[in-house]
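Heads up: the structure comes next, in structure tokens.
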Amino acid sequence: MQHDLSKSPASLDEEDNYAVQLETKSGKFSFDARPDESLLFAGLRNGVTLPYECATGTCGSCRARVMSGSDENCWEDAPAAAKLKADKGDVLMCQTQVRSDCLLRVPATVKTESDSKKLPRYRRGTLQNLQRLTRDVICFEIELSEPMDFDAGQFATISLPGLQGARAYSMVNFVREARVLEFVVKQKPGGAFSDWLFSTTDTSVPVSLFGPLDRATFHPEEDKNIVMIAGGSGIAGMMSILERASQTNYFRDHKGYVFFGVRTLEDIFYLEHFVRHVKVAGDNLHVTLAISDSEVADGPHPEQSCVNLASGWVHEVAGKVMTGQYDDVLAYVAGPPPMVDGAIRTLTMEGCLNPQFIRYDKFG
């Protein structure tokens, strides 16, 4: 059973906290954890850079071993639990709450973040302005009770009253000290949150968030050409990156390549956004929409000639277009695991990119 790890524990008294000691490859650390929050969120909000990717029990990157103390596994059936040696005390920090002071061993290099403005934390918000984009894609906004500063490419976990567990979604928009966050979600068979989004008639719903999260972020000062490969709602973080790049006229001096994979022409969304960014950037930004399940003529979109169409899987289309154009490139990849794995193979084997120049997000 999956318990709700996303409830804001801000109302708990400090005396309710437990002391967590951490042994890592880079030394020893400590932080306080509240009994109603995950170990991962407790460490991150205290400035300890614990390892993670999805933050929702899917990837297994936040594995740790409990050496002493009492804990509660809040989702025994988490997909990544199969990778653990539970008999040795292995846990997923994103799905574990402590019930006493404890000692953890984390097989990763960890450091501390001293800039409080960069630390994720709990916030309240109101989910509103739902809009259907395609038959199985919907967008919405969350108006925050207080501003959140984030980097382009980051995500937040969202919790809805009555639904167990938190869901992780990348922000679509980009603005400093954001009061409103924009998200896009693809309907997932059996997905409680996406099913609710597609069926609700509510126009204003209270939610809680934890964020910002993720390190697959865009920073103009890195001064590189960028390649973005996304499938489905994985385009969310890429739209935030494009917005940030457009705001700084990044494509005046750098090249950008966007590859967005969908199944059919009817599944395309954000076309008008791509057109706007291309018109701002000029010849240095190239957008290709890859259509996997139907044949299309390779070339300009019939309605928007500044955007291209191509038949095939998005990572294969990207490989063809990018041949000989990988100089000084930083790549961003987001989407379902098979798509992300395929894109990474293309970038490393065909593009000869060093993995340190590939930033990615996998999600089911």
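Going by my numbering, the sequence shown opens with residue 1110, and the numbers climb by one from there.
Every residue, glycine too, gets a C-beta built ideally from N, C-alpha and C.
Assignment of alpha helix (DSSP H) within the region 1147-1219, counting only whole runs of 4 or more residues, yields 1148-1154 in chain order.
By the Cβ criterion, the region 1251-1262 is not in contact with the region 1196-1214, since fewer than three pairs of Cβ atoms, one from each stretch, lie closer than 8 Å. In its chain, beyond the 5 residues on either side, 1335 and 1394 have a beta carbon closer than 6 Å to the beta carbon of residue 1365.
Secondary structure of residue 1142 (DSSP, three-state): strand.
According to the DSSP secondary-structure assignment, residue 1337 is paired through a beta bridge with 1367 and 1441.
The Cβ atoms of residue 1472 and residue 1438 lie no closer than 9 Å to each other. Per DSSP, residue 1426 lies in no beta strand (DSSP E); the unbroken alpha helix (DSSP H) holding it starts and ends at 1423-1431. Judged by beta-carbon spacing, residue 1319 lies beyond the 9 Å limit of residue 1221, meaning their Cβ atoms are not closer than that value. Shortest Cα-Cα distance from residue 1219 to any of 1133, 1434 and 1302 involves 1133.
Rounded to the nearest whole angstrom, the C-alpha separation of residue 1387 and residue 1361 is 11 Å.
Looking at the backbone, the Cα of residue 1423 and that of residue 1434 are separated by about 17 Å. For residue 1354, there is no enclosing beta strand (DSSP E); the residue is part of the alpha helix (DSSP H) that begins and ends at 1344-1356. The beta strand (DSSP E) runs lying completely inside the region 1258-1335 and spanning 3 residues or more are 1264-1268, 1276-1279, 1287-1295 and 1313-1322, given in chain order.
About 6 Å separates the Cβ atoms of residue 1237 and residue 1312, confirming a contact at the 8 Å cut-off.
Residue range 1394-1400 is occupied by the beta strand (DSSP E) that includes residue 1395, with no alpha helix (DSSP H) assigned at that position.
In the structure shown, the three-state DSSP call for residue 1406 is coil.
The beta carbon of residue 1182 sits closer than 7 Å to those of 1200, 1204 and 1205, all from its chain and outside the five residues before and after it, given in chain order. Look at residue 1451 here: in three-state DSSP terms it is helix.
A direct Cα-Cα distance of roughly 17 Å separates residue 1396 from residue 1281. Take the alpha-carbon of residue 1176 and the one of residue 1151: they are about 18 Å apart. In the DSSP assignment, residue 1132 falls within the beta strand (DSSP E) that extends over 1127-1133.
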